[in-house]
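Asker:
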Amino acid sequence: MGSLQAIRYERGSLQLLDQRKLPLESIFIPIVGPEAAWTAIKDMAVRGAPAIAIAAALALAADLVHKGDGSQFASASEAAAYVQEQLAYLVTSRPTAVNLGDAAERLTKVAHTAAASANATGKSVTADVVQACEAMLADDVTANKAIGRFGAEGLLSAVEQSGRGRGKGQAVRVLTHCNTGSLATAEYGTALGVVRSLAEQGRLEHAYCTETRPYNQGARLTAYELVHDGLPATLICDSAAGALMAAGKVDAVVVGADRIAANGDTANKIGTFSLAVNAAHHRIPFFVAAPTTTLDPNLADGSLITIEQRPAEEVTHYQGRRIAAEGINVWNPSFDVTPQALVHGVITERGLIPKAKSGFAVRTFLEDQGM
Ligand code: MRU
Numbered sequence: 001m002g003s004l005q006a007i008r009y010e011r012g013s014l015q016l017l018d019q020r021k022l023p024l025e026s027i028f029i030p031i032v033g034p035e036a037a038w039t040a041i042k043d044m045a046v047r048g049a050p051a052i053a054i055a056a057a058l059a060l061a062a063d064l065v066h067k068g069d070g071s072q073f074a075s076a077s078e079a080a081a082y083v084q085e086q087l088a089y090l091v092t093s094r095p096t097a098v099n100l101g102d103a104a105e106r107l108t109k110v111a112h113t114a115a116a117s118a119n120a121t122g123k124s125v126t127a128d129v130v131q132a133c134e135a136m137l138a139d140d141v142t143a144n145k146a147i148g149r150f151g152a153e154g155l156l157s158a159v160e161q162s163g164r165g166r167g168k169g170q171a172v173r174v175l176t177h178c179n180t181g182s183l184a185t186a187e188y189g190t191a192l193g194v195v196r197s198l199a200e201q202g203r204l205e206h207a208y209c210t211e212t213r214p215y216n217q218g219a220r221l222t223a224y225e226l227v228h229d230g231l232p233a234t235l236i237c238d239s240a241a242g243a244l245m246a247a248g249k250v251d252a253v254v255v256g257a258d259r260i261a262a263n264g265d266t267a268n269k270i271g272t273f274s275l276a277v278n279a280a281h282h283r284i285p286f287f288v289a290a291p292t293t294t295l296d297p298n299l300a301d302g303s304l305i306t307i308e309q310r311p312a313e314e315v316t317h318y319q320g321r322r323i324a325a326e327g328i329n330v331w332n333p334s335f336d337v338t339p340q341a342l343v344h345g346v347i348t349e350r351g352l353i354p355k356a357k358s359g360f361a362v363r364t365f366l367e368d369q370g371m
């Protein structure tokens, strides 16, 4: 069976799989212009830190091509200014995932560098920006495959050292949260990529996914991906995770990330922190898997991460029907921050980030990688 893809792009045209309708319906929506991309991100038609960044970039690329391949701009600097303005706008759609801000910064730089070169025109600036946007799709798949390989290796060795597994060479039972698979990325996934890589190596005994209230990314999307791939998998309620661990059914936990601060504190889907506390209590290795574009070396620690608040209706209603008592107050943060002390390893496409007593050495790691 072919791999799942949530982003359909060819030059000048972008379609996004409407993830709000999964798993019951697979409907692609055409995205015409940055405003349509902004709304698709804000309203969760596309979600997941890498996918949000790629969708925004490709919406801009399609818009530039659609409107005339750069011939619509009177000068190179006008083209660069337009690119900068659209990216600054797209970044306001959702605040927590850093991948979008990182992409916007890189693409703005591409535009200004192109505009500063000799004989630059609106067309040449547009060509460079479109090429950089399009490269993000392929780069993300390559990064995810590498995360999968490094993650499987790191996770298997941690399980072996923890003495929890069934012994050397045995398959492992892994718990994951939210959706970090093909639907949250260009393809393959980050934490779910690690699960896929374990399965490819014959080392996955079982995958457990949480339903991930209130938006049910686990029940609707991760369960869908696991079934699609034919992997041995079980869906649990978020509140069953502690009991599952206590029953000795989990050898390791692997989750994704929306932003990882310089010390390794990690913002990810609400409920991640509780899983990490539970894992620590049961001495189960807890891993975070993310591309280096999710690292934010500019933030010293997780207390500085902006956490998105989502509408109360996500909690009080289910598919348009009220399930909570009328008049109740709601607190609905989309993400929480897991302190680095609870994280055994941070897996990236460049390998695992070294950990010292004070936390993960994110800045040194990036410097060592020449990034
Ligand atoms: O609100 P969402 O669905 O965008 O949240 C997604 C997550 O929290 C993922 O774990 C994270 O973005 C990593 S996706 C590879």
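Under the UniProt record's numbering, the first residue of the sequence shown is numbered 1, with each subsequent residue one higher. Glycine is no exception: its CB is placed at the ideal position from the N, C-alpha and C atoms.
(1) How big is the Cα-Cα spacing for P214 and R203?
(2) Are R259 and A267 close, meaning C-beta to C-beta below 8 Å?
(3) Report all residues from its chain with a CB closer than 8 Å to the CB of residue 378; omit the five preceding and five following residues, and keep chain order.
(4) Helix, strand or coil for C237, going by three-state DSSP, please let me know.
(5) Taking 8 Å as the threshold (C-beta atoms), are N278 and Q217 in contact?
(6) Shorter than 7 Å, the distance from the beta carbon of T180 to the closest heavy atom of the ligand MRU, or not?
(7) Hey, D229 and T272 are a contact pair by Cβ (cut 8 Å); roughly how many whole angstroms apart?
(8) Along the chain, where does the beta strand (DSSP E) that runs through Q15 open and close?
(9) For the pair the stretch 348 to 358 and the stretch 139 to 158, tell me if three or more CB-CB distances fall below 8 Å.
(10) In this structure, what does DSSP give as the bridge partners for F335?
(11) Does the ligand MRU have even one heavy atom less than 7 Å from the beta-carbon of D258?
(12) So A186 packs on L137, CB below 8 Å; how close in whole Å?
(13) Would you identify the three-state DSSP class for D229, choosing helix, strand or coil?
(14) Quick check: I54 and I7, are their CB atoms within less than 8 Å of each other?
(15) Tell me which residues share the same chain as Y89 and place their Cβ nearer than 7 Å to its Cβ, disregarding the 5 neighbours each side in the sequence.
Answerer: This is what the structure holds:
(1) In the sequence shown, the residue the question calls residue 214 occupies position 214. In the sequence shown, the residue the question calls residue 203 occupies position 203. Put simply, the backbone Cα of P214 is about 31 Å away from that of R203.
(2) Here residue 259 refers to the residue found at position 259 when the sequence shown is read from its first residue. Here residue 267 refers to the residue found at position 267 when the sequence shown is read from its first residue. Yes, the pair counts as a contact, with Cβ atoms nearer than the cut-off.
(3) Within the shown structure, residues of the chain are numbered from 1 to 371, placing residue 378 beyond reach of any answer.
(4) Residue mapping note: residue 237 aligns to position 237 of the sequence shown, counting from 1. Note: C237 maps to coil in three-state DSSP.
(5) In the sequence shown, the residue the question calls residue 217 occupies position 217. In the sequence shown, the residue the question calls residue 278 occupies position 278. No, the Cβ-Cβ distance between Q217 and N278 is not below 8 Å.
(6) As a working note, residue 180 is residue 180 in the sequence shown. Yes, Cβ of T180 sits closer than 7 Å to a heavy atom of the ligand MRU.
(7) On the sequence shown, residue 229 is found 229 positions in, with the first residue counted as 1. On the sequence shown, residue 272 is found 272 positions in, with the first residue counted as 1. Between T272 and D229 the Cβ distance is about 23 Å, and since that is not below 8 Å, they are no contact.
(8) For this step, residue 15 is matched to residue 15 along the sequence shown. Membership of Q15 in the beta strand (DSSP E) is indicated by the continuous run 13 to 17.
(9) With the cut-off at 8 Å, the stretch 348 to 358 and the stretch 139 to 158 touch.
(10) Translated into the one-based positions of the sequence shown, residue 335 becomes position 335. The partner list for F335 (beta bridge, DSSP) reads K269.
(11) What you label residue 258 is simply residue 258 of the sequence shown in a count that begins at 1. D258: yes, Cβ under 7 Å from the ligand MRU.
(12) Within the sequence shown, residue 186 is the residue found at index 186, counting from 1. Within the sequence shown, residue 137 is the residue found at index 137, counting from 1. By a beta-carbon distance limit of 8 Å, A186 contacts L137. Their separation comes to about 5 Å.
(13) Here residue 229 refers to the residue found at position 229 of the sequence shown. Helix, per DSSP.
(14) What you label residue 54 is simply residue 54 of the sequence shown in a count that begins at 1. What you label residue 7 is simply residue 7 of the sequence shown in a count that begins at 1. Yes, Cβ-Cβ distance for I54 and I7 is below 8 Å.
(15) For the purposes of this step, residue 89 is taken as residue 89 along the sequence shown, with counting starting at 1. The answer, listed in chain order, is P34, W38.
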